[in-house]
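Chemist:
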């Protein structure tokens, strides 16, 4: 219906169930790749998108009308991989890819590994259980 916001999915599985099949398949592969690097990360819905959280958000991903996106959640990590991400359209903090031309799994694994290290380094630096400048949850 026009003018009404769609309901926010409660789980990643419910989010993916509402995505057209071509984009769903691409996101499921991306999810599997991320999970292979961050098996202990929690899967959450944040900002209406699936995300992986481990000492803070690692990455978000989502489907849009004409593309899928990976949100790296770190300008430092995005800059580090800028050369390898060049073939893909990029926005501020976002990498866009066509469902039939997904991001290489090896690149995704390196990005997620870098994000895990970055988040764990922040925890080590600021004390166990703390998130930079925030109280423990």
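Numbering (this note's numbering), first residue to last: 6 to 142.
Yeah, the Cβ is synthetic: ideal placement off N, Cα and C, and Gly gets one too.
Computed from a prediction, not measured in an experiment: that's the story for all the values here.
(1) By how many angstroms is the C-alpha of residue 31 removed from the C-alpha of residue 93?
(2) Tell me whether residue 1 sits in a helix, a strand or coil according to DSSP, three-state version.
(3) At what residue ranges does the segment 25-91 contain a whole run of the alpha helix (DSSP H), taking only runs of 4 or more?
(4) How is residue 141 classed by DSSP in three states: helix, strand or coil?
(5) So residue 100 is in the beta strand (DSSP E); what residue range does that whole segment cover?
(6) How is residue 96 classed by DSSP in three states: helix, strand or coil?
(7) Counting pairs of Cβ atoms below 8 Å between the segment 94-108 and the segment 66-78, do you hit three or more?
(8) Return the CA-CA distance between residue 122 and residue 67, expressed in angstroms with no decimal places.
(9) Report the option in 128, 126, 116, 125 whose CA atom is closest to the CA atom of residue 64.
(10) Determine the direct distance from the alpha carbon of residue 114 to that of residue 129, and round the result to whole angstroms.
(11) Check each candidate in 107, 56, 111 and name the one with the smallest Cα separation from residue 21.
(12) So residue 105 is in the alpha helix (DSSP H); what residue range does that whole segment cover?
Modeler: Taking the structure as given:
(1) The residue labelled residue 93 in the question sits at position 88 within the chain shown. The residue labelled residue 31 in the question sits at position 26 within the chain shown. For residue 93 and residue 31, the distance between alpha carbons rounds to 15 Å.
(2) Absent from the model: residue 1. The displayed extent of the chain is 6 to 142, so no value can be given.
(3) 26-42, 80-85, 87-90
(4) By one-based count along the chain shown, residue 141 stands at place 136. Any reading at residue 141 is ruled out, since the residue's pLDDT is 41, under 50, leaving its predicted position unreliable.
(5) As a position in the chain shown, residue 100 is number 95, starting the count at 1. Counting along the chain, the beta strand (DSSP E) containing residue 100 begins and ends at 99-102.
(6) Looking up residue 96 in the chain shown gives position 91. Of the three classes helix, strand and coil, the one that applies to residue 96 here is strand, per DSSP.
(7) yes
(8) As a working mapping, residue 122 is identified with position 117 in the chain shown. As a working mapping, residue 67 is identified with position 62 in the chain shown. One C-alpha to the other measures close to 23 Å.
(9) Within the chain shown, the letter at position 59 stands for residue 64. Minimum Cα distance to residue 64 is reached at 116.
(10) Your numbering for residue 129 matches position 124 in the chain shown. Your numbering for residue 114 matches position 109 in the chain shown. Looking at the two C-alpha atoms, the distance is approximately 22 Å.
(11) Taking the chain shown and counting its residues from 1, one reaches residue 21 at position 16. Nearest of 107, 56, 111 to residue 21, Cα basis: 56.
(12) Counting from one through the chain shown, the residue named residue 105 turns up at place 100. That residue, residue 105, is in no alpha helix (DSSP H); it is neither H nor E in DSSP.
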